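**Student:** Provided herewith is a single structure, encoded as structure tokens, for subsequent inquiry.
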Amino acid sequence: MTTLAIIGGTGLTRMDGLTVTRREMVKTPYGAPSCPIVFGELGGREVAFMARHGVTHRIPPHRVNYCANIWALNSVGIEQIIAVGAVGGIHKDCTVGSIVIPHQIIDYTSARENTFFDGGDDPVEHIDFSYPYNEQLRQALIDGAKSSPGITLVDSGVYGVTQGPRLETAAEIVRMANDGCTIVGMTGMPEAALAAELGIAYACCGVVVNAAAGIDNKPIDTTALPAAIQAAMKNACKVLNTTLRDGTLMAG
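Using UniProt numbering, read the sequence shown as starting at 1 and increasing by one per residue.
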């Protein structure tokens with residue numbers, strides 16, 4: 001049984017090296033997920049894969065049906081999720097192309113459906129979210145990155161999650177840096193919290209595709225982002241393949 005899922009973000013709508021065995025579109029009480037769940041083998045392990053923004057990358061971050069996605073993965077028996085996301089680098093160590101495995105998260109989003117515990121007939125639930133990322137999964141990703149040639153690894157960090165789809169202002173990035181954020185992205189929440197509510201171990205593989213707004217004292221060149229994303233996601237795929245091949249994940 002497949003118990004590990006990879007959620008692909010911007011630039012990762014399909015997994016290099018994944019041998020596909022089947023696809024399943026899951027119905028959920030929260031509507032349709034972003035796409036069918038793809039099942040297959042990667043790095044010698046059985047895995048499931050879901051493209052967060054859809055297979056044609058048409059769903060912006062604030063419109064992703066995070067509840068449906070996580071519910072769908074849980075319903076097919078997923079117990080662990082590695083979530084890949086394109087991020088901007090705030091800290092000087094988080095350079096373009098580097099892989100960041102964050103250990104904490106700060107949520108700056110608004111008006112997103114962000115919980116399964118939304119009243120009704122069920123009792124109120126308050127999960128402990130002190131440490132949002134599963135340490136076993138984090139260490140597996142760190143080990144995989146260390147074993148992957150040519151990878152620049154940052155083995156901890158604080159992921160600041162913004163609403164999107166616009167990029168941030170330089171002042172917002174200054175604020176986030178003062179808050180302790182080292183990377184910025186748009187999809188880390190409520191995804192991580194929803195996984196926690198369903199008891200799914202969750203970790204993030206952040207892929208730095210640009211310096212955050214104002215970091216290098218010039219506007220972000222959005223025309224250069226597609227090429228940067230493509231190159232950076234190759235690094236992510238390399239790390240994931242190595243992690244699954246050599247790691248200690250319970251992947252089916």
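All C-beta atoms in this analysis are idealised placements derived from N, C-alpha and C, irrespective of residue type, glycine included. The structure presented is a predicted model; accordingly, all values stated were derived computationally and were not measured.
With DSSP run on the structure shown, which of helix, strand or coil describes T242?
**Tutor:** Working through the sequence shown from its first residue, we reach residue 242 at position 242. Of the three classes helix, strand and coil, the one that applies to T242 here is helix, per DSSP.
**Student:** Can you tell me where the beta strand (DSSP E) holding R175 begins and where it ends?
**Tutor:** Within the sequence shown, residue 175 is the residue found at index 175, counting from 1. Element bounds for R175: not the beta strand (DSSP E) but the alpha helix (DSSP H), A170 to D179.
**Student:** Counting only the same chain and skipping the five closest in sequence on each side, list residues whose C-beta sits under 7 Å from that of M176.
**Tutor:** Within the sequence shown, the letter at position 176 stands for residue 176. Excluding sequence neighbours, M176 sits near I90, G160 and V184.
**Student:** Count Cβ pairs between the stretch 129 to 138 and the stretch 67 to 75 that sit closer than 8 Å; are there 3 or more?
**Tutor:** Cβ pair count under 8 Å is below three, so no.
**Student:** Can you tell me whether E197 is buried or exposed? The criterion is at least 16 other CB atoms within 10 Å of its CB, across all chains shown.
**Tutor:** In the sequence shown, counting from the first residue as 1, residue 197 sits at position 197. With 16 or more Cβ atoms within 10 Å of its Cβ, E197 is classed as buried.
**Student:** Between the stretch 228 to 236 and the stretch 25 to 32, can you find at least three pairs of beta-carbon atoms closer than 8 Å?
**Tutor:** The stretch 25 to 32, when compared against the stretch 228 to 236, does not touch it at the 8 Å Cβ threshold.
**Student:** Can you tell me the Cβ-Cβ gap for I82 and A203, rounded? I've got them flagged as a contact below 8 Å.
**Tutor:** In the sequence shown, residue 82 corresponds to position 82, counting from 1. In the sequence shown, residue 203 corresponds to position 203, counting from 1. That pair is a contact at about 6 Å.
**Student:** What is the DSSP secondary structure of L18, reduced to helix, strand or coil?
**Tutor:** Taking the sequence shown and counting its residues from 1, one reaches residue 18 at position 18. Here L18 sits in coil by DSSP.
**Student:** Rounded to whole angstroms, what's the CA-CA distance from N235 to N241? Just pull it up for me.
**Tutor:** Here residue 235 refers to the residue found at position 235 when the sequence shown is read from its first residue. Here residue 241 refers to the residue found at position 241 when the sequence shown is read from its first residue. Distance between the alpha carbons of N235 and N241: 10 Å.
**Student:** As an exercise, report each continuous alpha helix (DSSP H) stretch of at least 4 residues that is fully enclosed by the stretch 136 to 224, in chain order.
**Tutor:** DSSP runs (the alpha helix (DSSP H)) wholly in the stretch 136 to 224: 170 to 179 and 191 to 197.
**Student:** Could you pull the start and end residues of the alpha helix (DSSP H) that I70 belongs to?
**Tutor:** Locating residue 70 in the sequence shown gives position 70, counting from the first residue. I70 -> alpha helix (DSSP H) spans Y66 to S75.
**Student:** Is I99 closer than 8 Å to T152 when the C-beta atoms are compared?
**Tutor:** Locating residue 152 in the sequence shown gives position 152, where the first residue counts as 1. Locating residue 99 in the sequence shown gives position 99, where the first residue counts as 1. Result yes, Cβ atoms of T152 and I99 sit closer than 8 Å.
**Student:** For I6, which residues of its own chain have a beta-carbon under 7 Å away from its beta-carbon, when the five flanking residues on both sides are left out?
**Tutor:** Working through the sequence shown from its first residue, we reach residue 6 at position 6. The residues are M15, V47, F49, I82, V84 and L240.
**Student:** For Q80 versus I200, is the C-beta distance shorter than 8 Å?
**Tutor:** Here the question's residue 80 lines up with position 80 in the sequence shown. Here the question's residue 200 lines up with position 200 in the sequence shown. Cβ distance < 8 Å, so Q80 and I200 count as in contact.
**Student:** Just the C-alpha distance for T19 and L42, rounded to the nearest angstrom, thanks.
**Tutor:** Translated into positions along the sequence shown, residue 19 becomes position 19. Translated into positions along the sequence shown, residue 42 becomes position 42. Their backbone Cα atoms lie some 7 Å apart in a straight line.
**Student:** Report the start-end ranges of each alpha helix (DSSP H) in the stretch 47 to 116 that is 4 residues or longer and not cut off at the edges.
**Tutor:** The qualifying runs are 66 to 75.
**Student:** If you compare alpha carbons, which of R52, Q163, S34 and V207 is closest to R112?
**Tutor:** Translated into positions along the sequence shown, residue 112 becomes position 112. Considering only alpha carbons, the answer is Q163.
**Student:** What would DSSP say about A32, mapped onto helix, strand or coil?
**Tutor:** In the sequence shown, the residue the question calls residue 32 occupies position 32. Correct three-state label for A32: coil.
**Student:** Is it right to say K238 is buried, meaning 16 or more other beta carbons lie within 10 angstroms of its own, or is it exposed?
**Tutor:** The residue you call residue 238 lines up with position 238 of the sequence shown. Buried.
**Student:** Quick one: residues in its chain with C-beta nearer than 7 Å to the C-beta of G188, no 5 flanking neighbours on either side, listed in chain order?
**Tutor:** Within the sequence shown, numbered from 1, the residue matching residue 188 stands at position 188. The residues are G85, I105, Y159, V161 and C204.
**Student:** Which residue wins for smallest C-alpha separation from P190, given the options T169, D107 and G77?
**Tutor:** On the sequence shown, position 190 is the one that residue 190 refers to. The shortest Cα separation from P190 among T169, D107 and G77 belongs to D107.
**Student:** Can you give me the Cβ contacts of M186 inside the same chain, cut-off strictly under 6 Å, excluding the 5 residues immediately before and after it?
**Tutor:** Numbered from its first residue, the sequence shown carries residue 186 at position 186. Contacts found: P61, T162 and G164.
**Student:** Assuming V208 and G11 are in contact, meaning their beta carbons sit under 8 Å apart, how far apart are those beta carbons, in whole angstroms?
**Tutor:** Along the sequence shown, read from residue 1 onward, the residue named residue 208 stands at position 208. Along the sequence shown, read from residue 1 onward, the residue named residue 11 stands at position 11. Contact flag wrong, Cβ pair sits at about 12 Å.
**Student:** Can you give me the start and stop residues for the beta strand (DSSP E) that E41 sits inside?
**Tutor:** To locate residue 41, count along the sequence shown from 1; it is residue 41. Unbroken beta strand (DSSP E) run through E41: I37 to L42.
**Student:** In chain order, what residues of the same chain have a beta carbon less than 8 Å from the beta carbon of S75, not counting five sequence neighbours either side?
**Tutor:** Working through the sequence shown from its first residue, we reach residue 75 at position 75. Excluding positions up to five away in sequence, the list reads V26 and T28.
**Student:** Out of T169, P226, G8 and A145, which has the shortest C-alpha to C-alpha gap to K218?
**Tutor:** As a working note, residue 218 is residue 218 in the sequence shown. Comparing Cα-Cα distances from K218 to each of T169, P226, G8 and A145, the minimum goes to T169.
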